[in-house]
Amino acid sequence: MCYGWFITGFIWAMALFTVPEWKSCHGCWEQERISLLHLKSSLNNPPYLSSWIGIGTKNSSDEDCCLWDGVDCNPATGKMTKLDLGSLDESDFNSLAKPDINASLFLPFQELTLLYLRGYHIPGCIENQGWTHLESLNIDDCSISCNNFLETVATVMTNLTRLGISLSDLSSPIPPALCTLKHLRVLVLMDNHLRGLLPPGFISPLMNEVYLSRNQLEGTLPATLSNDQDGISGSDNYTDYSVGVLDLSHNHLMGTIPNWIGRLPQLSYILLNDNQFHGELPCTFCLETSKLIDVSHNHLSGHIDYEIFTSSDTNCNGRNAYDGPRRDLEFVTKTKTYIYHGWPLLYMNGFDFSTNNFTGKIPPQIGHLGDTKVLNFSYNMFTGPIPPTIANLSQIESLDLSHNNLSGMIPSQLTELHSLSSFSVAYNNLSGKCPQKIAQFNTFDEDIYRGNPLLDCTLPLMTPNPLVRRTTYGDDEEGEGGFIDMESFYISGSISYVLVLLVIVSVLCINPYWRWVWFYCVDVTITTCYYFMVDHLPVPTRYKVWQPRV
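Reading the sequence shown from the start, the letters are residues -17 to -1, 1 to 533 in mature numbering (1 follows the signal peptide of the UniProt record, and there is no 0).
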């Protein structure tokens, strides 16, 4: 009896590994390979999928779909876990006319966890198209027909840890359910047409990065991050939050900046520029532990509290700098917009408060930001002197204090900033002497001081050295020839000319072969010039009798 059960089990085990419908003999699953080939055919066989080939090739390894470009499989099960259709060459990508993605072809991919699409048209919604197991979905420059696509994503893909949809013309509001996904760590919805208000609790405690820039979001930021639906209390305790990047730039947000932004313990990259925020900058900010803060091009006003520059304040206690964004960030450096990514972004420290209505003095505690590389306070209404403590910013590369009401002298200690490559204090009320043209300041032009009528930037007159004897030429003290003695020049030139002629004549007299070559060259030159003039220039008739007959 036991022997019969053993035989039956052995037969079933052999069937699992021999029947093509279960698993292909070439490594990947047959159903998944067929679906990939159908997907390639529906995309009009693009050249970047040339490695996706069918059965019957000379190299059997080419038939293993786990080895195809853009495909990764689970080595234990042989099933596909990653499908990357977005890493295309620009030449191939630009030639595509957004072909349709048949989402039903994804049904066999039962273990697919990562999907990257770029430059396609996604017709309809994706409720039952095999995307339910996705953990990472990245869609760039796609055309999405479903009006409630984000709502569908929040309902169907509950295992998502990363969601990125950019340049895809999404125009719906952000659904609250999207921000309550339990596993979501990175949310990227940049460069769309998202509208409406930000939902309460749009940042969950587990989120690391939130990118919502270049949309049409409006209204005010929530006064708190609490979400009653999740049972999160409305207290001001944000120690459990792990968000490190918040990019809300280039929207239509208004109102005041809430205090909770400065209380998130790991928030190191804050981009709120190009909105309509007003009011004062919250004193809960901690610039010393932050990496990038951009609040430029808003309507912020009031004084900048000195406490945001010091780490000794309670606002900076327990704060840790975020280990670095996964996406590119734009930041204005040296009057140009640069895109930072990877290692340069990790080592980038910058603060842009430009184009607002800030008033008062620049706090001397600004010197505590020793690692800062970019500081832009331009186009505000700051008054008072430039604090000498700015000279403590030993790593500063770009410093812009232009278009303010600063007064007093420019601190001479600024010449000690050897990393400084961009500097401007134009259009202020500064007075006194300009810094000496030494070190980095020797490379700046006078435009950096423009618009300061009381500022003296004239170079000091050089004191003549009594040990140096001045030479005069004629009646002019400096001489018409400048530093050249024209009399000596003429004499030396004449002597050199005579010597060259004597050397040539001597050589021709001594060596008869060179003399013969010399006269032969002269004769050939004369003859060539003569025939050239005869052929190309009109010659009077009376001179043609001298032409030799040919």
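Glycine included, each C-beta is placed from N, C-alpha and C at the ideal position.
Contacts around residue i, its chain only, beta-carbon distance under 6 angstroms, and the 5 residues preceding and following it disregarded
| i | result |
| --- | --- |
| residue 535 | No statement about residue 535 is possible, as the shown extent of the chain runs from -17 to 533 and does not include it. |
| D52 | S34 |
| L120 | L98 and L146 |
| H280 | N256, D257 and T338 |
| P188 | D223 and Y224 |
| D83 | H104 and P106 |
Between the CA atoms of residue j and residue i - distance to the nearest angstrom
| i | j | result |
| --- | --- | --- |
| W114 | E290 | 49 angstroms |
| K274 | G238 | 24 angstroms |
| M445 | S377 | Residue placement at M445 cannot be trusted, given a pLDDT of 42 that sits under 50; what the coordinates show is reported in the next sentence. Answer to the nearest angstrom: the Cα atoms are 32 angstroms apart. |
| I393 | C440 | 11 angstroms |
| S128 | I122 | 13 angstroms |
| L26 | G107 | 17 angstroms |
| D67 | L19 | 12 angstroms |
| G415 | L438 | 5 angstroms |
| T163 | E118 | 15 angstroms |
| D459 | G333 | With a pLDDT of only 43 at D459, under the threshold of 50, the placement of this residue in the model should not be trusted; the figure read from the coordinates follows. Their Cα atoms are separated by approximately 57 angstroms. |
| M63 | C56 | 4 angstroms |
| residue 552 | P418 | The question about residue 552 has no answer, for the chain in this structure spans -17 to 533. |
| F92 | L312 | 34 angstroms |
| G69 | N28 | 15 angstroms |
| N503 | S489 | The sequence shown places Tyr at residue 503, not Asn. Cα to Cα, the separation comes out at about 18 angstroms. |
| D124 | H233 | 19 angstroms |
| D174 | Y362 | 27 angstroms |
| M190 | G184 | 11 angstroms |
| V517 | F472 | 42 angstroms |
| H286 | I240 | 15 angstroms |
| T426 | K420 | 8 angstroms |
| H166 | L143 | 6 angstroms |
| M140 | D230 | 24 angstroms |
| L484 | W501 | 14 angstroms |
| D277 | L254 | 5 angstroms |
| L389 | Y432 | 12 angstroms |
| R178 | T96 | 29 angstroms |
| S154 | H176 | 5 angstroms |
| M469 | S475 | 10 angstroms |
| T208 | L180 | Inspection of the sequence shows that residue 208 is occupied by Leu rather than by Thr. Their backbone Cα atoms lie some 14 angstroms apart in a straight line. |
| L400 | P58 | 55 angstroms |
| F268 | M364 | 21 angstroms |
| S479 | I487 | 13 angstroms |
Contacts around residue i, its chain only, beta-carbon distance under 8 angstroms, and the 5 residues preceding and following it disregarded
| i | result |
| --- | --- |
| F360 | F336, S337, F341, I345, D383, L384 and N387 |
| T60 | E94 |
| H21 | N85 and L88 |
| E380 | T316, K317, K356, V357, S402, L403, S404 and S405 |
| S284 | H261, G262, E263, N339, N340, F341 and T342 |
| L352 | L270, E271, F292, N332, F334, L358 and L376 |
| G37 | L20 and E46 |
| S435 | Looking at the sequence shown, residue 435 is not Ser but Asn. Around N435: V408, A409, Y410, N411, N412, L413 and S414. |
Beta-ladder partner(s) of residue i, from DSSP
| i | result |
| --- | --- |
| residue 536 | Residue 536 falls outside the range modelled here, since the chain spans only -17 to 533, and no answer is possible. |
| R168 | The partner list for R168 (beta bridge, DSSP) is empty, contrary to what the question assumes. |
| F406 | L382 |
| L437 | S414 |
| M237 | T203 and Q259 |
| R178 | Q199 |
| N425 | Looking at the DSSP assignment, N425 forms no beta bridge with any residue, so it has no partner. |
| S155 | Answer is none; S155 lacks a bridge partner. |
Buried/exposed call for residue i, threshold 16 Cβ in 10 Å
| i | result |
| --- | --- |
| L482 | exposed |
| residue 581 | Examination of residue 581 is not possible in this model, given that the chain is present from -17 through 533 alone. |
| E192 | buried |
| P248 | buried |
| D506 | exposed |
| T272 | buried |
| S477 | exposed |
| Y221 | buried |
| L520 | exposed |
| Q423 | buried |
| F515 | exposed |
| C49 | buried |
| N494 | exposed |
CB contact check: residue i to chain B, cutoff 9 angstroms
| i | result |
| --- | --- |
| N242 | Looking for chain B here will not work: only one protein chain is present. |
Cβ shell of residue i (< 7 angstroms), same chain only, five flanking positions each side left out
| i | result |
| --- | --- |
| T372 | P347, I349 and G350 |
| D288 | C266 |
| L150 | D123, D124 and D174 |
| R498 | L491 |
| S395 | P418 |
*Contact the region 224 to 231 vs the region 259 to 269: 3+ CB pairs below 8 angstroms*: Segments in contact, no.
_Would the region 166 to 173 count as touching the region 202 to 209 if we require 3 or more Cβ pairs under 8 angstroms?_
The region 166 to 173 vs the region 202 to 209: no contact.
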